[in-house]
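Working notes for the structure below.
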Ligand code: HEM
Ligand SMILES: [Cu+2]
Ligand SMILES: [Cu+2]
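Chains as they are written, first to last, in my numbering: chain V, 2 to 178; chain D, 127 to 694.
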């Protein structure tokens, strides 16, 4: 036998030892489990990344968000409209430097289709405290079906660097019982 | 014994004349020096970042925090690592194969290009004209010199890789070695092939981005992310391949580790090459541009075959060390080979600690956050830097540090000044970076974002009140950062002092047996054995412990995921 800096002489295509065979087999099985877990969760699990994905013009998305705000606005906080859409509807959330627009008021246990997009840079839609994160990319509309499972006040942080005010970008989702 | 091993013995106890290509030797030296310079720059950034994320200290103002994240990422991940790998290529090619460097002049041209590119990038970053992070996602825009600098740097690197391939071909033609290339060189070839794929991705994305920064063409934000990560993540696979090659190298030099089976180890390297182009996917798992089928197939590198490769090396590297030690008579129990290992040789301790940190922390956490759905609770949180500070820092950088203690005597021909410090350095760095990495992961598990100046949100419109555990974890990022910084600083000081002020490591010094160099050089362990042995029970136990940790952490994450809002 020789170390890794020695040129192997003759034929080195030899049968592996028992220990190696055992480990390679087990490691391979583990890899297959890791692989199958993902499609499996699409079938039985409640958290997936599928959504309805499409491209959008940033200005058009902003206009759509504004119409959504006018239609369902119920209040205002710190200059940002608070919007309470009916259960089952399409809701819109626009990221822009450095604000999540608008504030949403949802009902626990109800399902909504949440459209995410950006007016300017990449942003990171990060829901505190449940730690749910999606990437928000300008020019793309990510429509995710969401079902908040617990009432409370959730904060939306931005976790993709979007400029010097990145750490000031905080929005809100209120979930009522 | 083969000619290569013979030459190696000559290098460490130089009885006969040495045949080392002068150009290769000098190119290794200058590339290593620039690597250490970049590391030092990155290290200054590291301590500032760690002390800024420690909320109670909060050292930097916001603009300099973001600027330093950019500078630290680039200097460490790009310049330090890649200059070091250029040195490694000159070593694994011409030197290990005992041949000449093809096109030495081009080697110097490449070096100048890479330095020029580096300087352009440093200039734009430190003058505040490229506050875009090393990922530079458009529409964030940097000064055109930033992109141009990266392109020039990449052209230089591509040239070095080309020279490496040419040298291998010439070595074969000129019969400078018999048999097949050694495993270490095979690993370096793997790294070099992946480097070509990587740099091509880099060209495909950076050239249009340069044009876009001039305002000449539009740029799609999502397509940029796709191709950027084809470049950005593949480059991590260069690191992994280089690191594994160096594990095999150092295992042999420090404790006479052997190759259990050439077929298995080479096959594992081959898997890296085959599945690497799928690497960008796990950065885009919660992106709007791609569907689940694409995400699953690609992120799993088609059924996790690249992970399989790492799992294989993770066993065969320690098992090779174990078998080597057993052949030298350390046969008691499961772990005598490990107890009697040369723990005071920094080449060995760095290698073994790197193996443990990379496997147990970096590897496990990486595969978990790279699972399509689990990424929902990990994307862009501090779990991400927590993961890569235990792969590319606790793994690759630490392993490169260990190798440096051998490079200085062998190629700079200098003894190590401050051997006592060198002996403890790997432990200090490993401890510090382990604390930094795990603390980041803990903070990230609560959703604390990465690249974020202030998670106290003092000036934000709404407050986000993280639990006290997060504050504590960030405090440990600071404390671990101080320890890791100390370890990094010792490395820089010892290397610089040795290179410039160290006593010569000439034939007389080598023969005296008393030179201040790592122990593997004083007495090179046997590199060839007549006997064969294939049992490595100790390593098998280690491997199963790893698998158990992996499974527990993996399924715990599914459990946590299942508790959040339904989304899909
Ligand atoms: C003394 C050791 C080190 C310490 C204490 C350290 C600490 C840190 C900290 C605190 C951050 C910022 C995390 C954030 O706020 O998002 C960071 C980012 C980073 N570090 Fe390190 N680091 C060290 C060494 C290294 C090394 C050796 C490498 C690469 C080989 C590296 C690569 C990176 C990268 C790529 C980033 C991410 C930059 C970004 O988000 O754009 N670090 N590090
Ligand atoms: Cu943002
Ligand atoms: Cu942001």
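Virtual Cβ for every residue (Gly too), placed ideally from N, Cα, C.
For the pair of segments examined, the stretch 108–126 of chain V was found to touch the stretch 83–96 of chain V: the number of CB pairs separated by less than 8 Å reaches three. In this structure, the C-beta of residue 573 (chain D) stays at least 7 Å away from each heavy atom of ligand 3. Counting C-beta atoms within 10 angstroms of its own C-beta, residue 690 (chain D) has 16 or more neighbours from the protein chains shown and is therefore classed as buried. In this structure, the alpha-carbon of residue 101 (chain V) lies about 26 Å from that of residue 194 (chain D). Looking at the DSSP output, residue 31 (chain V) sits in no beta bridge, so it has no partner there. Straight-line measurement puts the Cα of residue 60 (chain V) at about 23 Å from the Cα of residue 85 (chain V).
Rounded to whole angstroms, the gap between the alpha carbons of residue 20 (chain V) and residue 518 (chain D) is 29 Å.
Residues of chain V whose Cβ lies closer than 9 Å to the Cβ of residue 441 (chain D) are, in chain order, 20, 21, 24, 25 and 28. Chain V has no Cβ within less than 8 Å of the Cβ of residue 254 (chain D).
Listed by position along chain V, the residues whose Cβ is nearer than 7 Å to that of residue 413 (chain D) are 136 and 138. D:180 is the residue among D:150, D:156, D:157 and D:180 whose C-alpha sits nearest the C-alpha of residue 604 (chain D). Contacts between residue 167 (chain V) and chain D, judged by CB atoms closer than 8 Å, involve 192, 577, 578 and 579 in chain order. Distance from residue 160 (chain D) to residue 209 (chain D) at the Cβ level is roughly 5 Å; contact confirmed, criterion being Cβ atoms closer than 8 Å. Residue 157 (chain D) is not a Cβ neighbour of residue 206 (chain D), given a cutoff of 8 Å.
Relative to ligand 3, residue 170 (chain V) has its C-beta within less than 7 Å of a heavy atom.
Exposed is the label assigned to residue 300 (chain D), since fewer than 16 other Cβ atoms lie within 10 Å of its Cβ.
Annotation: Cβ neighbours of residue 147 (chain V) in chain D (cutoff 9 Å, chain order): 691, 692, 693 and 694. Within chain V, 13, 14, 15, 16 and 17 have C-beta atoms less than 9 Å from the C-beta of residue 389 (chain D), given in sequence order. Residue environment: residue 440 (chain D) is assigned as buried (16 or more neighbouring CB atoms within 10 Å of its CB, all protein chains considered). Residue 526 (chain D) and residue 533 (chain D) have their C-alpha atoms spaced approximately 10 Å apart. Every residue whose Cβ sits closer than 7 Å to any heavy atom of ligand 2 is listed here in chain order: V:96, V:98, V:99, V:122, V:124, V:125, V:159, V:161, V:163, V:167 and V:170.
Our two residues, residue 383 (chain D) and residue 485 (chain D), have alpha carbons roughly 19 Å apart in a direct line. Residue environment: residue 14 (chain V) is assigned as exposed (fewer than 16 neighbouring CB atoms within 10 Å of its CB, all protein chains considered). Within the model, the alpha-carbon separation for residue 46 (chain V) versus residue 37 (chain V) is close to 13 Å. Residue pairing by DSSP leaves residue 22 (chain V) without any beta bridge partner. In the structure shown, residue 226 (chain D) adopts coil according to DSSP, grouped into three states.
If you ignore the 5 residues before and after residue 476 (chain D), its C-beta comes within less than 7 Å of the C-beta of 524, 525, 527, 528 and 552, all in its own chain and listed in chain order. For residue 64 (chain V), the enclosing alpha helix (DSSP H) covers residues 59–73. Short of 8 Å from the beta carbon of residue 337 (chain D), and not among the five residues preceding or following it, lie these beta carbons of its own chain, in chain order: 343.
Taking a C-beta cut-off of 9 Å against chain V, none of the residues of the stretch 632–646 of chain D qualify. Taking 9 Å as the upper bound on Cβ-Cβ separation, chain D lies near no residue of the stretch 60–71 of chain V. A residue is called buried once 16 or more other Cβ atoms fall within 10 Å of its Cβ, and residue 341 (chain D), having fewer, is exposed.
Ligand 1 has a heavy atom closer than 7 Å to the beta-carbon of residue 577 (chain D). Within chain V, not a single residue places a beta-carbon under 7 Å from that of residue 184 (chain D); the smallest gap is close to 12 Å.
Contacts with chain V (Cβ-Cβ distance below 7 Å) from the stretch 464–493 of chain D involve 493, listed in chain order.
Contact check for residue 314 (chain D) and residue 214 (chain D): beta-carbon distance about 7 Å, within the 8 Å limit, so the pair qualifies.
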